[in-house]
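Taken in sequence, the protein lines are chains W and Z. Numbering-wise, the working numbering puts 430 at position 430 of the first sequence, and it's gapless, one number per residue. Throughout, the working numbering is defined as the position within the second sequence, counted from one, plus 1000. Ideal Cβ placement from N, Cα and C applies to all residues, glycine included. The block underneath contains the structure these notes are about, expressed in structure tokens.
There are 2 protein chains.
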Amino acid sequence: MKISPVKGTRDFYPEVKFNQDFIFKAWEKVSKKFGYENFDGPLLEPADLWRLKSGNEIPDQMYVFKDKGNREVAIRPELTPTLARMVAAKSKGIARPIKWYTIGRCWRYERAQAGRLREFWQLNVDCLGSESMQLDAEVIVTAIEIMRNFGLNEKDFYIRLGNRQLIESLILSTGVKKEQLKDVSRLIDKLDKIGEEKFKLSLKDLKMSDSSINKLWDMLKLKIEKIDDKSLDAKGKEGLSKIKELLKYIKFYGLEKYVEFDPSIMRGFDYYTSTVFEVFDRSKKFRAIAGGGRYDNLVKDFGGDEVSGVGYGMGDVVLELFLKEKNKLPEYSKNVDYFIGVMDEKALEFALQTATKLREENNVEVELIGRNLSKQMKYAKKIGAKKLIIIGDDEVKTKKVKVKDLEKGKEEVFVISQDKTNNKKAKTWKEKYL
Amino acid sequence: MKISPVKGTRDFYPEVKFNQDFIFKAWEKVSKKFGYENFDGPLLEPADLWRLKSGNEIPDQMYVFKDKGNREVAIRPELTPTLARMVAAKSKGIARPIKWYTIGRCWRYERAQAGRLREFWQLNVDCLGSESMQLDAEVIVTAIEIMRNFGLNEKDFYIRLGNRQLIESLILSTGVKKEQLKDVSRLIDKLDKIGEEKFKLSLKDLKMSDSSINKLWDMLKLKIEKIDDKSLDAKGKEGLSKIKELLKYIKFYGLEKYVEFDPSIMRGFDYYTSTVFEVFDRSKKFRAIAGGGRYDNLVKDFGGDEVSGVGYGMGDVVLELFLKEKNKLPEYSKNVDYFIGVMDEKALEFALQTATKLREENNVEVELIGRNLSKQMKYAKKIGAKKLIIIGDDEVKTKKVKVKDLEKGKEEVFVISQDKTNNKKAKTWKEKYL
């Protein structure tokens, strides 16, 4: 019976998993450098967890079903609500600041296409416990440092930075009415996809005047220095002062060249309250590489204390495409240090003992399937083994083995101590070097 | 709105995730030492994947539902069928032997209790491409080495080893009829749970004679040396010779003290064809820590070439309980190398630059939430930071910082080079040591 995998998923054969692991390791390394700790939540959660504040699209894209106990559960489409639920459950018992990261498998029922699959992984980096823009700066800097860690620089990517309080105030200042705000915001979010003409026509459908539409269009290109403080309401003024503070902190890190104010940035989640940002490739060829923002009410919304926070999600699918385009993915290799060939069955015991000794510090493969020597040597090269040892009668008798360096072509002789006990304290390979 | 997590799941707060990561790292390390490569498949697969050969229990325990495209999918309850499907899809294109491992999230709808949860992770180690018992030996040895890696030895755990061909032949030799074989096997599988009395009564219900029951009871304690070759059918003889070969290879590794023949070992999966084994704690306090076996037809069953293989799954839930009981889990620590305290806002820029420099090689936290100095120092100790730096006016002026070793109590002075460019080639911290 032939069974095909589910649409929108990937089969991670080792050479494919290799790239994903490369990305995961970079995510983990940079998160830890900034003092973030790994956490995780369940894959299935009550479906309501994403109905409260995750916006319009996410609940429609969820994989929802009833389990055998008649609970309505969903496979997580994103990770922030789980984090907020967990913080809410213990909000008094966790030291501040709360600095957590996770690399989580998620599912969304979307149209599968380049850069968008139904199963994907997301790095989430979150910092909670204060309203200070220092948190926002640090979180954004981790995203920049991850990209720099891959060998990318300000010519390759940048941060589109906004602030919901400020942007909403700016939109209102163009003549948009309060009750139109949601619809207009959604159109701005889609602007890159639908283009100028359709965008303006849609605004007309909302009964906006031509002059308002033109003002809005100009506003979307506004530089932060040009914002007229007087045109803003109180919330907008607060937003402006916050984003200026945030930009100051990013400058403290020396990373200001990576960040651009962008009044057209929206993000779909309803839980974002002020800072919003995206990691974007400069060529704008791909969808957002990461997206995040500040959620000051989410923990409280889930029944916890008021714990404000900021964080982002960075998906593996777009990122891998981007790294491939920029030639930043490493060449696949199996990472085997030694291959031990076996002349015949009589040599096997000593070959396995040699392998055991070498495995104290190395990755070692031994011939398992009884091939002839020339096939074994071909295999050793095929898997990219760094060194080769062949065990035959001579080696068994003398306990001396020749190590051939397959990269440099050199050959050296080693002695294996006769230790059948698997005693870790026995003399190591290196001490026995002749 | 307070939302509780789904029953049978765990919230992995960082101090909980810490233990799981410790287990995952050991799994990964040992698998790689033996030349196994990481792979993965989708979380959701067509439900039929587990209906073919995964036995009776598994299909009943699956989380099955229809997705929005009306596909009947299941969350994976185990990983071997995915592996077999993937090998089948490319069976000609993968070099032999196929040595793969994965650490996979799985779900089963079972009664949640100590050692059994609905969401769990499993290490799978699989070797395919030959019928040689060398493969079985290597796979079993990886399981032993994982346990030894945790600091456990032959007094703590052992391998229960069986062979389906041999055991079925032995059962038949006690007078059990062919058509009773499945029911009797299932009772043997449950023996540890139901006990001797209920076991024998249930056999009586199957209309077995007292003499057959007694023979079967004695058979379940049979030593391998005592097996009478003549009482076995052809399959049984083949099984006996295979298991003897396997024991010989395990002896080659010097690990025979970890392995015991056990005719009562069954394993639930229908796809096992010969070798079956479990990792068990000597005290038998816990359920099996790992279980596996050889599946010679599974790849073919999924439409591939005939590729025989052997592998096992080791779950994280029982293992963690066992490691806890044996005191083999490490003490939780946040693993922060430096905490950088900040006197006031004026000191922040230099503090962040110092952090950036140190992060080239260390995990570093900077004060983010504006606490007073004594609270900052308390926090540094609470998170177990190894070293402490405080940045104030003096440090900003002189660019000299004092590093306090919080473990040894010593204090040293360093100079930070004035590098605002985040240039990786700038002189490092160490070179500037006074």
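Q: May I have the straight-line CA-CA distance separating R1010(Z) from V1016(Z), to the nearest angstrom?
A: Spanning the two alpha carbons is a distance of roughly 9 Å.
Q: Excluding the 5 residues preceding and the 5 following E1145(Z) in the sequence, name in chain order all residues of the same chain whose CB lies nearer than 7 Å to its CB.
A: A distance below 7 Å between beta-carbons, with the five flanking residues on each side excluded, links E1145(Z) to the following residues of its chain, in chain order: V1030.
Q | Beta-ladder partner(s) of Q1353(Z), from DSSP | A | The beta-bridge partner set that DSSP reports for Q1353(Z) is empty.
Q: Check whether the Cβ atoms of F39(W) and T102(W) lie closer than 8 Å to each other.
A: Yes; because the gap between Cβ atoms is below 8 Å, this pair is in contact.
(Q) Report the start-end ranges of each beta strand (DSSP E) in the segment 1094-1167 of chain Z that is 3 residues or longer and not cut off at the edges. (A) Counting whole runs of 3 or more residues, the segment 1094-1167 of chain Z contains the beta strand (DSSP E) stretches 1098-1107, 1119-1128, 1157-1163.
(Q) Measuring straight from C-alpha to C-alpha, what distance separates L1323(Z) and L1329(Z)? (A) L1323(Z) and L1329(Z) have their C-alpha atoms some 6 Å from each other.
Q. Would you say Q1134(Z) faces chain B, with C-beta separation under 8 Å as the test?
A. Checking the listed chains, one finds no chain B in this structure; the protein chains it contains are W and Z.
Q) Looking only at C-alpha atoms, which of G35(W), A89(W), I227(W), I23(W) sits nearest to E1338(Z)? A) The amino acid at residue 1338(Z) is misidentified as Glu; the sequence shows Tyr. Selected option, being the one with the closest Cα: G35(W).
**Q.** Own chain residues within Cβ distance below 8 Å of S1091(Z), not counting five before or after
**A.** Around S1091(Z): V1299, G1304, D1305, V1307.
Q) In chain Z, which residues lie less than 7 Å from L319(W) when you measure between Cβ atoms? A) Listed along chain Z, no residue sits closer than 7 Å to L319(W) by beta-carbon distance, the nearest being about 17 Å off.
Q. DSSP three-state call for I1390(Z): helix, strand or coil?
A. In this structure, I1390(Z) counts as strand in the three-state DSSP scheme.
**Q.** Under 9 Å from the C-beta of A95(W): neighbouring residues of chain Z
**A.** Those are Y1379, K1382, I1383, listed as they occur along chain Z.
(Q) Can you list, in chain order, the residues of its chain with a C-beta nearer than 7 Å to that of N1363(Z)? Leave out the 5 residues immediately preceding and following it. (A) Correct list, in chain order: N1335, V1336, D1337.
Q.
For a quick check, are the C-beta atoms of L1181(Z) and I1167(Z) less than 8 Å apart?
A. I1167(Z) sits away from L1181(Z), with the two beta carbons spaced by 8 Å or more.
(Q) Can you confirm whether the segment 1121-1136 of chain Z touches the segment 1308-1317 of chain Z when touching is taken to mean that 3 or more C-beta pairs between the two stretches lie within less than 8 Å? (A) By the Cβ test, the segment 1308-1317 of chain Z is in contact with the segment 1121-1136 of chain Z, since at least three Cβ pairs between them sit closer than 8 Å.
Q: Say whether chain Z places a C-beta atom closer than 8 Å to the C-beta of E37(W).
A: It does: the Cβ of E37(W) has a partner Cβ on chain Z nearer than 8 Å.
Q. For M1(W) and chain Z, any beta-carbon pair shorter than 8 Å?
A. Judged by the 8 Å Cβ criterion, M1(W) is in contact with chain Z.
Q: Could you list which residues in chain W have their beta carbon closer than 7 Å to that of L1246(Z), in chain order?
A: The premise fails here: L1246(Z) is roughly 13 Å from chain W at the closest Cβ pair, so nothing lies under 7 Å.
Q) Mind checking whether A74(W) and W50(W) have CB atoms under 8 Å apart? A) Yes, the pair counts as a contact, with Cβ atoms nearer than the cut-off.
Q.
If we define contact as Cβ-Cβ less than 8 Å, is V415(W) a contact residue for chain Z?
A. V415(W) is outside the set of residues whose beta carbon lies under 8 Å from a beta carbon in chain Z.
Q: Give a yes or no on whether the C-beta atoms belonging to D1487(Z) and Y109(W) are separated by under 8 Å.
A: Nothing can be reported for residue 1487(Z): it is not among the residues displayed for chain Z, which extend from 1001 to 1434.
Q) In or out: K99(W) buried (at least 16 other Cβ within 10 Å) or exposed? A) K99(W) is buried by the Cβ-count criterion.
Q. In this structure, does DSSP put F414(W) in helix, strand or coil?
A. Here F414(W) sits in strand by DSSP.
Q) Which partner residues of I1003(Z) appear in the DSSP bridge assignment? A) Paired residue(s): none; I1003(Z) is not in a bridge.
Q: Could you tell me the distance, in whole angstroms, from the CA atom of S1132(Z) to the CA atom of L368(W)?
A: Roughly 8 Å between the two C-alpha positions.
Q: Please name the residue in G1341(Z), L1161(Z), N1019(Z) whose C-alpha comes closest to that of Q1250(Z).
A: Before going further, note that residue 1250(Z) is Ile rather than Gln in the sequence given. Looking at the Cα atoms, L1161(Z) is the closest of the given residues.
**Q.** Identity of the residues DSSP links to A290(W) by a beta bridge
**A.** Looking at the DSSP output, A290(W) sits in a beta bridge with V279(W), M314(W).
Q | Through-space distance from K386(W) to K242(W), alpha-carbon basis | A | Their backbone Cα atoms lie some 54 Å apart in a straight line.
**Q.** Short CB-CB distance (under 8 Å) between N1363(Z) and chain W
**A.** Judged by the 8 Å Cβ criterion, N1363(Z) is in contact with chain W.
Q: Look up F199(W) in the DSSP assignment and say whether it is helix, strand or coil.
A: Looking at F199(W) - three-state DSSP - the assignment turns out to be helix.
Q. With a Cβ-Cβ cutoff of 8 Å, do E1154(Z) and Y1295(Z) count as a contact?
A. No, the pair does not count as a contact, with Cβ atoms beyond the cut-off.
**Q.** Amino acids of chain W, ordered along the chain, whose beta-carbon sits closer than 8 Å to that of V1006(Z)
**A.** Neighbourhood of V1006(Z) in chain W, by CB distance below 8 Å: P42, L44, E45, P46, D67, R71, V73, in chain order.
Q: Confirm, please, whether the CB-CB distance from F302(W) to R96(W) is below 8 Å.
A: No. Outside cutoff.
Q: Let me know the secondary structure DSSP gives F339(W) once reduced to three states.
A: Strand at F339(W).
Q: Quick one: using the 10 Å Cβ neighbour count with 16 as the cut-off for buried, is V1403(Z) buried or exposed?
A: Taking all protein chains in view, the Cβ of V1403(Z) is crowded by 16 or more other Cβ atoms within 10 Å, so the residue is classified as buried.
Q.
Can you tell me whether L44(W) is helix, strand or coil according to DSSP?
A. In this structure, L44(W) counts as strand in the three-state DSSP scheme.
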